[in-house]
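Everything below concerns the one structure shown next.
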Amino acid sequence: MDRRAFLGLAAGTALRPAADGPVQALAHELDGHVVAQGASGYAAALRLWDTRFDDLRPRAIAYCANAADVQRTVRWGRANGVRIVPRSGGHSYGGYSSGDGVVVADVSLLHGVSVGAGNAAVGAGATLIAVYAELASHGVTIPGGSCPTVGIAGLALGGGYGFASRLYGLTADNVRSVRIVTADGSLLTCDASMHPDLFWACRGGGGGNFGIVTSFTFTTHPAPTVSTYEIQWPWKQAASAVAAWQAFAPHAPDALTSVLDLIADATGLHVVSAGQYVGTQSRLKKLIAPLASVGTPTIVKTTTLTYLEAMLHWAGCRDAASCTSGRTTFDARSDYIDAPLSREAISLLVDAIEKHKGSTAAIYLDAYGGTINRVPKAATAFVHRDALFSIQYTANASFGWLDTLYAAMRPHVSGYAYQNYIDPKLASWQHAYYGANLARLQAVKRKYDPDNAFRFSQSIP
Ligand SMILES: Cc1cc2nc3c(=O)[nH]c(=O)nc-3n(C[C@H](O)[C@H](O)[C@H](O)COP(=O)(O)OP(=O)(O)OC[C@H]3O[C@@H](n4cnc5c(N)ncnc54)[C@H](O)[C@@H]3O)c2cc1C
Numbered sequence: 163m164d165r166r167a168f169l170g171l172a173a174g175t176a177l178r179p180a181a182d183g184p185v186q187a188l189a190h191e192l193d194g195h196v197v198a199q200g201a202s203g204y205a206a207a208l209r210l211w212d213t214r215f216d217d218l219r220p221r222a223i224a225y226c227a228n229a230a231d232v233q234r235t236v237r238w239g240r241a242n243g244v245r246i247v248p249r250s251g252g253h254s255y256g257g258y259s260s261g262d263g264v265v266v267a268d269v270s271l272l273h274g275v276s277v278g279a280g281n282a283a284v285g286a287g288a289t290l291i292a293v294y295a296e297l298a299s300h301g302v303t304i305p306g307g308s309c310p311t312v313g314i315a316g317l318a319l320g321g322g323y324g325f326a327s328r329l330y331g332l333t334a335d336n337v338r339s340v341r342i343v344t345a346d347g348s349l350l351t352c353d354a355s356m357h358p359d360l361f362w363a364c365r366g367g368g369g370g371n372f373g374i375v376t377s378f379t380f381t382t383h384p385a386p387t388v389s390t391y392e393i394q395w396p397w398k399q400a401a402s403a404v405a406a407w408q409a410f411a412p413h414a415p416d417a418l419t420s421v422l423d424l425i426a427d428a429t430g431l432h433v434v435s436a437g438q439y440v441g442t443q444s445r446l447k448k449l450i451a452p453l454a455s456v457g458t459p460t461i462v463k464t465t466t467l468t469y470l471e472a473m474l475h476w477a478g479c480r481d482a483a484s485c486t487s488g489r490t491t492f493d494a495r496s497d498y499i500d501a502p503l504s505r506e507a508i509s510l511l512v513d514a515i516e517k518h519k520g521s522t523a524a525i526y527l528d529a530y531g532g533t534i535n536r537v538p539k540a541a542t543a544f545v546h547r548d549a550l551f552s553i554q555y556t557a558n559a560s561f562g563w564l565d566t567l568y569a570a571m572r573p574h575v576s577g578y579a580y581q582n583y584i585d586p587k588l589a590s591w592q593h594a595y596y597g598a599n600l601a602r603l604q605a606v607k608r609k610y611d612p613d614n615a616f617r618f619s620q621s622i623p
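Numbering (the working numbering), first residue to last: 163 to 623.
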């Protein structure tokens, strides 16, 4: 039984009393419900997406039914000296939406989506696929990521990259206002004129730092019919494919966002590029010709899809209702690239995957440029506006090679990293995630969370 199924069954049921008086008092205060250590369902309720964090033991999980519940939980935390940790989709790479002894403020019940004229209000606990599906039924969309069960809150607060980002910008770039419960329990609306400093910080400053967001208002875009492509090459042409892709993808027209993956799995070694274009298939075929003419691709295919079909395609799902990403064991490190990779650097990537033939390992390159890079670095807290692309080095087991490759790549990378691929091993994370925006983020933190109530090992200091 998954967490949501569990919640459906558990709604309205009282907390089974573990001998924790203060937590029981919280449970009585909330319109939602609380699952405490020792209560039935606790093992399911504590789970994040990554099984590496199954050993974390929060004191309780508070399922907040509305913004007032979030306020009550934050005030209860202050009164009882308990750290309150927000959780939306639970996909933090560092497990930062949980922790030993904390109370998790789970916002998954705040998942409403309501569409207005050119905008949409989205509850902080909505999953991406639910957002795409509801918006599509009104003929609109927002740019988000590809994983269907990522939470909108974690995604938007840290940036939010996906297959429409080079055209419509990051998810954060489309936030018009934010409702957030700050450390003193106040519920604030932040936008360009109200609490503009906090509004700025909530667009790229990263989840879990400034308060608990209860909802966002986004600017929406008409959901277009799109053309997608996929190109696969024989593995021995991997280096040529990477070289051609990096020369092409960050400089393509805005309407085309594309990625390149180097993958080792049980079926062999794969080099694949895929992308989404807002335009016709015939135009897309012409655009990708420089890529498709490299080497001797084994597959070159294009397709026309409705916008929602495209989101389901990238999520690997047949329909929104049954779309889940499944839990897994996962670790990753990442970089931003601001100058084309040399032949030597490309060989490091290709060789690292080749060594994993027969097991699982993957390196993902995501093209930036376009609308993302035209936003000035200081306009939002998201500073990575001159990257050509990001790289993620990922593994589901035998994680040691990630550090070896990461070390070998140091001379070839920018020193920056995406805060949504949060990396507990990253020593220089303050600079890597925030660069020149760090000092301003620290000022916002001091103003809205002077006692550092919202803290984790990589929170804004
Ligand atoms: C399988 C997978 C695929 C991904 N694909 C993409 C992608 O395509 N594009 C992309 O940009 N990123 C992607 N990511 C990264 C993703 O954006 C981050 O992991 C993001 O932080 C997850 O958000 P969440 O709400 O699901 O996670 P959570 O673990 O719930 O939250 C992440 C952080 O935000 C905080 N937080 C959660 N809710 C709130 C709230 N309401 N208010 C304030 N803070 C809050 C948490 O405390 C935590 O620190 C992917 C991650 C995974 C695991």
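The beta carbon of each residue, even a glycine, is placed where N, CA and C say it ideally should be.
Query	Result
What is the DSSP secondary structure of P179, counted as helix, strand or coil?	Note that P179 scores a pLDDT of 48, beneath 50, so its modelled location is shaky and nothing firm can be said.
Distance, Cα to Cα, D268 vs G370?	12 angstroms
List the endpoints of the continuous beta strand (DSSP E) containing G291.	The identity of residue 291 in the sequence shown is Ile, whereas the question assumes Gly. Where I291 is concerned, there is no enclosing beta strand (DSSP E), although the alpha helix (DSSP H) it sits in stretches over 290–298.
Taking 8 angstroms as the cut-off, is the CB of S348 close to at least one heavy atom of ligand 1?	no
Looking only at C-alpha atoms, which of R547, T460, T442 sits nearest to A417?	T442
Helix, strand or coil: which one does DSSP assign to A494?	strand
Taking the CB atoms as reference points, tell me whether I314 and A288 lie closer together than 9 angstroms.	yes
Determine the burial state of K587: buried for a count of at least 16 other Cβ atoms within 10 Å of its Cβ, exposed for fewer.	exposed
Please classify A451 as buried or exposed, where buried requires at least 16 other C-beta atoms within 10 Å of its C-beta.	exposed
List the DSSP bridge partners of W395.	V433
Using a Cβ-Cβ cutoff of less than 7 angstroms, which residues in the same chain neighbour T466 once the five nearest sequence positions on both sides are dropped?	T387, S389, Q443
Please say whether I304 and V381 have beta carbons closer to each other than 9 angstroms?	A quick correction: the sequence has Thr, not Val, at residue 381. Yes. Within cutoff.
Quick check: is the beta carbon of G239 nearer than 9 angstroms to any beta carbon in chain B?	This model lacks chain B altogether; it includes just one protein chain.
So, for P459: in the same chain, excluding its five sequence neighbours on each side, which residues have a beta-carbon less than 7 angstroms away from its beta-carbon?	I393, Q394, W395
Taking 8 angstroms as the cut-off, is the CB of I584 close to at least one heavy atom of ligand 1?	yes
Let me know the secondary structure DSSP gives Q604 once reduced to three states.	helix
Grouping DSSP H, G and I as helix and E and B as strand, with all else coil, what is H195?	strand
Starting from G441, follow the alpha helix (DSSP H) in both directions and report where the run begins and ends.	Segment: none, G441 is in no alpha helix (DSSP H) and carries neither H nor E.
May I ask you to list the residues that DSSP assigns as paired with I223?	V197, V266
Nearest by alpha-carbon distance to D359: which of A615, P623, Y610 is it?	Y610
Between the Cα of K517 and those of T311, A557, D231, H475, spot the shortest distance and give me the residue it belongs to.	A557
Please specify which runs of the beta strand (DSSP E), each continuous and at least 3 residues long, are wholly inside the region 532–616, giving them in chain order.	551–557
What residue from W591, V421, I622 has the CA that sits closest to A601's CA?	I622
When the Cα of W397 is compared with those of A428, I515, Y323, which residue comes out closest?	I515
Contact defined as beta carbons within less than 8 angstroms: I believe S504 pairs with S560. What is the distance between those atoms, to the nearest angstrom?	About 27 angstroms; that fails the 8 angstroms criterion.
With a floor of 3 residues, list each beta strand (DSSP E) that falls wholly inside the region 317–356, ordered by position along the chain.	337–343, 349–352
Check whether the region 317–335 and the region 527–540 touch, using three or more Cβ-Cβ pairs below 8 angstroms as the test.	yes
Since G313 sits in a beta bridge, which residues does DSSP pair it with?	T289
Taking 9 angstroms as the cut-off, decide whether the C-beta atoms of D585 and A494 are in contact.	yes
Run through the DSSP bridge pairs and tell me what V375 is partnered with.	I342
So what's T235 in DSSP terms, helix, strand or just coil?	helix
With a threshold of 8 angstroms on Cβ separation, who are the neighbours of A176 within its own chain once the five nearest residues in sequence on each side are excluded?	With a pLDDT of 42 at A176, under the threshold of 50, the predicted position of this residue should be treated as unreliable, and no value is reported.
Is W476 helix, strand or coil by DSSP?	helix
Tell me whether N558 counts as near ligand 1, meaning its Cβ is closer than 8 angstroms to at least one heavy atom of that ligand.	no
Is the region 244–257 in contact with the region 191–207, if contact means three or more CB pairs nearer than 8 angstroms?	no
CB-CB under 7 angstroms to A579, same chain, minus the five flanking residues each way: which ones, in chain order?	S496, D497, Y498, D585, L588, A594, Y595
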